[in-house]
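Asker: Chains as they are written, first to last, in UniProt numbering: chain A, 1 to 367; chain B, 1 to 367. Backbone N, C-alpha and C define an ideal beta-carbon position, used for all residues, glycine too. A quick note: this is a predicted structure, and the numbers were derived from the prediction, not measured.
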């Protein structure tokens, strides 16, 4: 491509703009995937991921695919033909979990909730007497809703708890161990402020013991992956597949940037930006989509005013301001916008910019 | 990490050092995966990949995982329970194909060849009267052997031909259409000179029609992926998973760098570097491992002289020269070295450097 480069303000559901440390690391010299210098970076990335996951799990690692690969890894390693998987569905990613689980041959018990509302932990936990796994999305990217994973963890009984933390990791409170998450997967391109392409993943020792021993996926077989990434730092690594070294260096830099700023500080920055955005949208007379009390700070959903062409407003924002916001999903594709304030974008300047730009776009649209 | 950065000469089996254009593109502004500016980059990447694959297949795209994910995508989309898959095995990657195919429930017919020799197309084609697929590795990374995929294509009959081009794409002659490759997967981190993390993939229309309609992998389901990557440029894209935008920008830049230099010129550069290296090693009195007439220019295998500690030599090269070469694989782990001259490293300077360094290392080892 010989065109000029364009900076976009990525205020959609992700990818977000990235931390400068994460971008800078992409340009570091490429290292071999078995080079001792690279294994130090991998160890540092895994150690940093443990902190943002809130876990001491030895098996905490970046999988070599996007968040959806993490979802697939969670299910193919946890359930097989005939196993019961209870899945809480309150948006697209819960629905996707059902589809991924179905393809393992598991018996899927789908617990539906209205989009825009959080999951009901009691109803989910009561959906089947003895499931092998119970799965739920912590932060539903499709609806902007935060659900109470800790409550589900208390009610899970003997089941393994699978949690999707794609839009919470690195920006919102997340305590895998304290909440009882047995298997967790996430993404890099949201609050962690790292380009997309890896899935931060964690699995407890107990869940690892109960895993499917010959899963249908070779690429995502955690039993094989462990030989390379290793549970014990410094032990001999065996080759599984060529690790995406450049992306892992970027993740290592991004996650350590977050830890250096301070996880609490970063979370407070996300909360402040999300609340300021939500207040500002309501002051403009717009209605928020996600239920009050369950709104994600990292990703805000807002209803498109009656008579306004959703796509035209998004195109105006992109063309005039280089601002990307997201459309809605499914039946809300044209009636909801999704505005993310994630990673380095979780700050007052982003809030002020997107509110001012949206005000102008709506005025143009005759509102 | 706050350590200083180290430049390594990556003369192993991959990752290789990368083209500067591919590294530079990693630092470009991050774009949304549905941004029209990104879709232009994706289209350009796919178009470039068609050229290095030697195909006009509309479904030619970078999968969001490494070459091993490409292998898994090839099998889960092509075979299911009970289907017969004939797999030619002359090294680790052929063996891996068998394992990946087995996990789909396919009946695997494994056709063994001695490591270090090319596949025998007639024996492979005769191994079963009516397989659904026949699979082989074009350039065996574990042994440094080139096999005749064109001959296998002529003998495949009604079977679909799956080919692994991980260590040939972008550096060696490869003509997917002319040779009759129905499904091909590759990697970015070898001759293409792009960091690892994506798998250039191609599937013919005919193979796409015969694909497994509900494959066990959701992440690698080509039927779903097509909606996003699109067979027809400019058509409406539907979201499947968040594309690894940064890596795709790097691939686009790398593959177009290769095309700008000229595919024939780049191939000649790989051939010249490989021959010069192999001549130089023999002049040093070393024995090559791969059978004469079937040696990969991109990756040379050489026997470790009797009495020489393979690992000690590799450590010496790394510590004194920042040169990485590869160990052997499997039973040849300590008795073979693998030396890659790939991508930007396929040049006289790399050959001279590695020969000189190896001579010194062997002298130190008392040879």
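Can you check which of these residues, 101(A), 121(A) and 251(A), is closest to residue 64(A) by C-alpha distance?
Answerer: Along the first chain, read from residue 1 onward, the residue named residue 64(A) stands at position 64. Selected option, being the one with the closest Cα: 251(A).
Asker: From the DSSP output, which residues share a beta bridge with residue 164(B)?
Answerer: Start at 1 with the first residue of the second chain, and residue 164(B) comes out as number 164. BP columns for residue 164(B) point to 137(B) and 185(B).
Asker: In chain order, which alpha helix (DSSP H) runs of at least 4 residues are fully inside the stretch 187-217 of chain B?
Answerer: Those alpha helix (DSSP H) runs which fall completely within the stretch 187-217 of chain B and span 4+ residues are 205-209.
Asker: For a contact meaning CB atoms closer than 9 Å, what does residue 216(A) contact in chain B?
Answerer: Indexing the first chain from 1 puts residue 216(A) at position 216. Going along chain B in sequence order, the residues near residue 216(A) (Cβ under 9 Å) are 76, 103, 104, 105, 216 and 217.
Asker: Quickly, what does DSSP pair residue 51(A) with across the bridge? List them, please.
Answerer: Locating residue 51(A) in the first chain gives position 51, counting from the first residue. Partner(s): none; residue 51(A) has no beta bridge.
Asker: Compare the C-alpha of residue 159(B) against each of 124(B), 221(B) and 342(B) and name the closest.
Answerer: Start at 1 with the first residue of the second chain, and residue 159(B) comes out as number 159. When only C-alpha atoms are compared, the closest one is 124(B).
Asker: For chain B, check one thing: does any of its Cβ atoms lie closer than 8 Å to the Cβ of residue 234(A)?
Answerer: One-based indexing of the first chain puts residue 234(A) at position 234. Any reading at residue 234(A) must be qualified, since the residue scores a pLDDT of 46, below 50, and its modelled position is unreliable; no value is offered.
Asker: Look up residue 337(B) in the DSSP assignment and give the residues it is bridged to.
Answerer: If you number the second chain from 1, residue 337(B) lands on position 337. Per DSSP, 302(B) and 327(B).
Asker: Could you check the C-alpha separation between residue 199(B) and residue 253(B) for me, to the nearest Å?
Answerer: The residue you call residue 199(B) lines up with position 199 of the second chain. The residue you call residue 253(B) lines up with position 253 of the second chain. If you take the alpha carbons of residue 199(B) and residue 253(B), they lie about 15 Å apart.
Asker: Can you list the residues of chain B that residue 7(A) reaches, using a CB-CB cut of under 8 Å?
Answerer: Start at 1 with the first residue of the first chain, and residue 7(A) comes out as number 7. Here the neighbours are 29.
Asker: Ends of the beta strand (DSSP E) at residue 126(A)?
Answerer: Numbered from its first residue, the first chain carries residue 126(A) at position 126. Per DSSP, residue 126(A) belongs to no beta strand (DSSP E) and is neither H nor E.
Asker: Is the stretch 42-62 of chain B in contact with the stretch 275-286 of chain B, if contact means three or more CB pairs nearer than 8 Å?
Answerer: With a cut-off of 8 Å, the stretch 275-286 of chain B and the stretch 42-62 of chain B do not count as touching, because too few Cβ pairs lie within range.
Asker: Could you tell me if residue 328(A) is buried or exposed, where buried requires 16 or more neighbouring beta carbons within 10 angstroms of its beta carbon?
Answerer: Residue 328(A) sits at position 328 when you count from the first residue of the first chain. Flag for residue 328(A) reads buried.
Asker: Mind reading off the beta-carbon distance from residue 153(B) to residue 179(B)? Whole number of angstroms is fine, and I expect it under 8 Å.
Answerer: Residue mapping note: residue 153(B) aligns to position 153 of the second chain, counting from 1. Residue mapping note: residue 179(B) aligns to position 179 of the second chain, counting from 1. Going by Cβ atoms, the distance from residue 153(B) to residue 179(B) rounds to 4 Å, so yes, they are a contact pair.
Asker: Helix, strand or coil: how does DSSP classify residue 112(A) here?
Answerer: What you label residue 112(A) is simply residue 112 of the first chain in a count that begins at 1. It is a strand residue.
Asker: Check each residue of the stretch 244-262 of chain A: if its Cβ is closer than 7 Å to any Cβ of chain B, include it; give the result in chain order.
Answerer: Those residues of the stretch 244-262 of chain A that come within reach of chain B (Cβ to Cβ, closer than 7 Å) are 244, 245, 246, 247 and 252.
Asker: Is it buried or exposed for residue 7(A), if we count other Cβ within 10 angstroms and need 16 for buried?
Answerer: Position 7 of the first chain, counted from the first residue, corresponds to residue 7(A). Per the 10 Å Cβ criterion, exposed.
Asker: With a threshold of 8 Å between beta carbons, is residue 309(B) in contact with chain A?
Answerer: For the purposes of this step, residue 309(B) is taken as residue 309 along the second chain, with counting starting at 1. So no, residue 309(B) is outside the interface.
Asker: For the beta strand (DSSP E) containing residue 62(A), list its first residue and its last residue.
Answerer: Indexing the first chain from 1 puts residue 62(A) at position 62. Element bounds for residue 62(A): 59-63.
Asker: Any C-beta of chain A within less than 8 Å: which residues of the stretch 90-124 of chain B qualify?
Answerer: If the cut-off is 8 Å between Cβ atoms, the stretch 90-124 of chain B has 96, 99, 100, 103 and 104 near chain A.
Asker: Roughly how many angstroms lie between the CA atoms of residue 206(B) and residue 107(B), to the nearest whole one?
Answerer: Within the second chain, residue 206(B) is the residue found at index 206, counting from 1. Within the second chain, residue 107(B) is the residue found at index 107, counting from 1. Their Cα atoms are separated by approximately 22 Å.
Asker: Going along chain B, which residues have a C-beta under 7 Å from residue 17(A)?
Answerer: In the first chain, the residue the question calls residue 17(A) occupies position 17. In chain order: 30.
Asker: Using the beta-carbon of each residue, which ones in chain A are nearer than 8 Å to residue 306(B)?
Answerer: Within the second chain, numbered from 1, the residue matching residue 306(B) stands at position 306. Here the premise fails: no neighbours, minimum Cβ distance about 25 Å.
Asker: Considering only DSSP beta bridges, list what residue 295(B) is partnered with.
Answerer: Along the second chain, one-based indexing puts residue 295(B) at 295. The partner list for residue 295(B) (beta bridge, DSSP) reads 145(B).
Asker: Taking 6 Å as the limit between beta carbons, can you name the residues of its chain near residue 271(B), skipping five residues before and five after?
Answerer: Translated into the one-based positions of the second chain, residue 271(B) becomes position 271. 297.
Asker: CB-CB under 7 Å to residue 116(A), same chain, minus the five flanking residues each way: which ones, in chain order?
Answerer: In the first chain, the residue the question calls residue 116(A) occupies position 116. Closer than 7 Å at Cβ, skipping near neighbours: 143, 145, 289, 290 and 291.
Asker: Where does residue 315(A) fall in DSSP's three states?
Answerer: On the first chain, position 315 is the one that residue 315(A) refers to. Three-state DSSP puts residue 315(A) in a helix.
Asker: Under a Cβ-count criterion, where at least 16 other Cβ atoms within 10 Å of its own Cβ denotes burial, should residue 4(A) be classed as buried or exposed?
Answerer: Here the question's residue 4(A) lines up with position 4 in the first chain. Flag for residue 4(A) reads exposed.
Asker: Give the secondary structure of residue 85(B) by DSSP, where H, G and I count as helix, E and B as strand, and everything else as coil.
Answerer: Your numbering for residue 85(B) matches position 85 in the second chain. Of the three classes helix, strand and coil, the one that applies to residue 85(B) here is strand, per DSSP.
Asker: Please identify the residue among 103(A), 85(A), 11(A) and 104(A) whose C-alpha is closest to the C-alpha of residue 111(A).
Answerer: By one-based count along the first chain, residue 111(A) stands at place 111. Minimum Cα distance to residue 111(A) is reached at 85(A).
Asker: In the DSSP assignment, find the unbroken alpha helix (DSSP H) run with residue 270(A) in it and report its ends.
Answerer: For the purposes of this step, residue 270(A) is identified with residue 270 of the first chain, where counting begins at 1. It spans 263-283 - the alpha helix (DSSP H) in which residue 270(A) sits, taken as one unbroken run.
Asker: Do residue 13(A) and residue 192(A) count as a contact pair if the criterion is CB distance below 8 Å?
Answerer: Along the first chain, one-based indexing puts residue 192(A) at 192. Along the first chain, one-based indexing puts residue 13(A) at 13. No, Cβ-Cβ distance for residue 192(A) and residue 13(A) is not below 8 Å.
Asker: If the cut is a Cβ gap below 7 Å, which residues of chain A does residue 43(B) touch?
Answerer: As a working mapping, residue 43(B) is identified with position 43 in the second chain. Correct list: empty, because the minimum Cβ distance to chain A is about 10 Å.
Asker: So who's on the other strand from residue 107(B), going by DSSP bridges?
Answerer: Here residue 107(B) refers to the residue found at position 107 when the second chain is read from its first residue. Partner(s): 84(B).
Asker: Counting only beta-carbon separations shorter than 8 Å, does residue 241(B) have a partner in chain A?
Answerer: Against the second chain, residue 241(B) aligns to sequence position 241. With 8 Å as the cut-off, residue 241(B) counts as an interface residue toward chain A.
Asker: Which of the three DSSP states is assigned to residue 155(B) in this structure?
Answerer: In the second chain, the residue the question calls residue 155(B) occupies position 155. Three-state DSSP puts residue 155(B) in a helix.
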